[in-house]
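Structure, as structure tokens:
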Amino acid sequence: MNQLLAQLEQYKKEIETSIVSNKEDLETFRIKYLGTKGLLKTIMGEMKHVPVDQKKEAGQLLNEFKVFVESFYSELSAKMESSESAIKNEIDISLPGHPLPLGSRHPISIVHNKIVSIFQRLGFSVAEGPEIEDDWHNFTALNLPENHPARDMQDTFYISQNPDWLLRTHTSSVQIREMQKNDLPLRIICPGRVYRNETISARAHCFFNQVEGLYIAENVSFADLKQTLYFFVKEMFGEGVKVRFRPSYFPFTEPSAEMDISCLICSGKGCSVCKRTGWVEILGCGMVHPSVLDNCGIDSNKYTGFAFGMGIERITMLTYQVKDLRLFSENDVRFLKQFTQA
Ligand code: PHE
17 MNQLLAQLEQ
27 YKKEIETSIV
37 SNKEDLETFR
47 IKYLGTKGLL
57 KTIMGEMKHV
67 PVDQKKEAGQ
77 LLNEFKVFVE
87 SFYSELSAKM
97 ESSESAIKNE
107 IDISLPGHPL
117 PLGSRHPISI
127 VHNKIVSIFQ
137 RLGFSVAEGP
147 EIEDDWHNFT
157 ALNLPENHPA
167 RDMQDTFYIS
177 QNPDWLLRTH
187 TSSVQIREMQ
197 KNDLPLRIIC
207 PGRVYRNETI
217 SARAHCFFNQ
227 VEGLYIAENV
237 SFADLKQTLY
247 FFVKEMFGEG
257 VKVRFRPSYF
267 PFTEPSAEMD
277 ISCLICSGKG
287 CSVCKRTGWV
297 EILGCGMVHP
307 SVLDNCGIDS
317 NKYTGFAFGM
327 GIERITMLTY
337 QVKDLRLFSE
347 NDVRFLKQFT
357 QA
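In terms of our numbering, the sequence shown is residues 17 to 358.
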């Protein structure tokens with residue numbers, strides 16, 4: 017029995033060290049060990065010479081050996097197959113890999129960044145606040161008490177009544193929060209998303225992005241406001257663009273104005289974008305109403321300030337001559353990937 021055991025160990029070693037590197041080798045291996053005249057059959061045939069009392073034990077050993085040879089063979093052929101299929105697929109490792117498409121900045125982000133950087137150069141810093149606001153910060157503190165008719169100027173999404181939560185309709189609410197800190201002089205811009213309950217069309221959406229600005233110090237005048245905005249327009253749209261101010265009304269500024277620029281599409285000659293007027297409105301502005309300063313605990317006898325607010329979508333449409341603002345929120349990559357730095 018010991019002799020048989022030693023013999024089988026010997027065969028095992030031989031099998032384990034056999035070199036099988038291609039299909040022919042594999043077939044030779046199969047014939048040598050598993051074929052009809054192969055080793056396995058031959059040793060199995062020897063069983064009949066084993067004395068009866070040793071048959072059981074010998075049978076067990078041979079069986080184990082059989083399982084070993086068979087599983088060794090199937091492992092070898094599996095390996096062979098997988099390396100063959102790699103060759104079949106013809107992997108050419110010298111070819112360049114699949115390119116990863118490079119993303120691009122959203123046009124609104126590009127213009128947002130540009131607006132922010134222009135005002136940063138003038139010493140404005142960025143302030144942010146919550147998109148879910150209370151009635152006081154969005155309306156009351158801005159000189160729009162309850163039932164004030166001007167509340168209808170901005171159709172509001174209300175969330176709850178008591179307490180009064182709503183989606184901010186402008187980032188003026190952030191200006192209120194900053195003024196309440198009473199850290200004067202104050203020179204900030206407030207970029208952010210705002211919401212209005214408007215029917216979605218090529219020119220209006222129920223959400224859009226704004227940048228509002230605020231400067232509060234002693235002796236701030238309307239002249240400061242105009243110069244700041246002139247500088248902004250020149251930096252944003254170039255030297256050749258004309259600017260005009262029209263008197264307007266906002267409850268939180270007095271006096272108030274709207275600023276137009278000469279139409280970039282038709283250079284002021286008149287087209288559908290400027291409704292044949294040659295001018296496009298880009299922002300509202302004015303001197304901060306004394307009641308707003310008082311509401312935030314700022315002494316309106318000592319301090320004055322100006323404020324302005326613009327929609328980033330409108331500026332982006334003018335910059336890139338996009339005629340439908342719905343494109344900005346539809347996430348069509350073919351549209352979005354066309355924009356490079358403004
Ligand atoms: N808050 C105004 C709006 O959203 C814009 C504005 C800001 C007007 C500051 C004047 C002064 O329409």
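All C-beta atoms, glycine included, are put in the ideal place defined by N, C-alpha and C. What you are looking at is a predicted structure, and each value in this text was computed from that prediction instead of being measured.
What three-state label does DSSP hand residue i in the structure shown?
i	result
L116	coil
I59	helix
R193	helix
L215	With the sequence shown as reference, residue 215 is identified as Thr, and Leu is not the correct amino acid for it. Looking at T215 - three-state DSSP - the assignment turns out to be coil, as it is neither helix nor strand.
D276	strand
I205	strand
A220	coil
L160	coil
F344	helix
I175	strand
G286	coil
L200	coil
V68	helix
I31	helix
R121	coil
F355	coil
F322	strand
I298	strand
V210	strand
What first and last residue would you give for the beta strand (DSSP E) that runs through residue i?
i	result
D108	Unbroken run through D108: none, as it is neither H nor E.
N15	Look at the range of the chain in this structure, 17 to 358, and you will see that residue 15 is not part of it.
L309	Per DSSP, L309 belongs to no beta strand (DSSP E); it is in the alpha helix (DSSP H), 306-311.
D150	148-150
F261	259-266
What distance in whole Å lies between the Cβ atoms of residue j and residue i, which are believed to be in contact at a cut-off of 8 Å?
i	j	result
Q170	H186	7 Å
N213	T172	6 Å
S126	M252	For clarity, residue 126 is Ile in the given sequence; the question names Ser instead. At roughly 12 Å, the Cβ-Cβ gap does not stay under 8 Å, so I126 and M252 are not in contact.
D310	E297	At roughly 30 Å, the Cβ-Cβ gap does not stay under 8 Å, so D310 and E297 are not in contact.
Y319	I232	6 Å
L352	H128	About 14 Å; that fails the 8 Å criterion.
E274	S264	4 Å
M96	K39	7 Å
P271	G302	6 Å
M17	A102	That pair is no contact at about 46 Å.
H221	R137	About 30 Å separates the two Cβ atoms, so there is no contact after all.
N159	V308	5 Å
G284	K258	7 Å
V142	I205	6 Å
L77	L20	6 Å
Hey, could you find the ends of the alpha helix (DSSP H) residue i is sitting in?
i	result
V349	349-352
M17	Per DSSP, M17 belongs to no alpha helix (DSSP H) and is neither H nor E.
F140	First-last for F140: undefined, no H or E at that position.
F238	238-253
R46	39-50
Y336	328-336
Closest Cβ-Cβ distance between residue i and chain E: below 8 Å?
i	result
A239	No chain E is part of this structure, which consists of one protein chain only.
Next on the checklist: Could you check whether the stretch 298-314 touches the stretch 194-209, counting it as contact only if at least three pairs of C-beta atoms, one from each stretch, sit closer than 8 Å?
Outcome noted: yes
Checklist entry - Per the contact definition of three or more C-beta pairs closer than 8 Å, is the stretch 83-101 in contact with the stretch 48-66? => result yes
Checklist entry - Is there contact here, the stretch 325-344 with the stretch 219-227, by at least three beta-carbon pairs under 8 Å? => result yes
Checklist entry - Are at least three pairs of beta-carbons, each pair with one atom in the stretch 175-190 and one in the stretch 133-153, less than 8 Å apart? => result yes
Next on the checklist: Below 8 Å, how does it come out for the stretch 331-342 and the stretch 95-106: are there three or more Cβ pairs, yes or no?
Outcome noted: no
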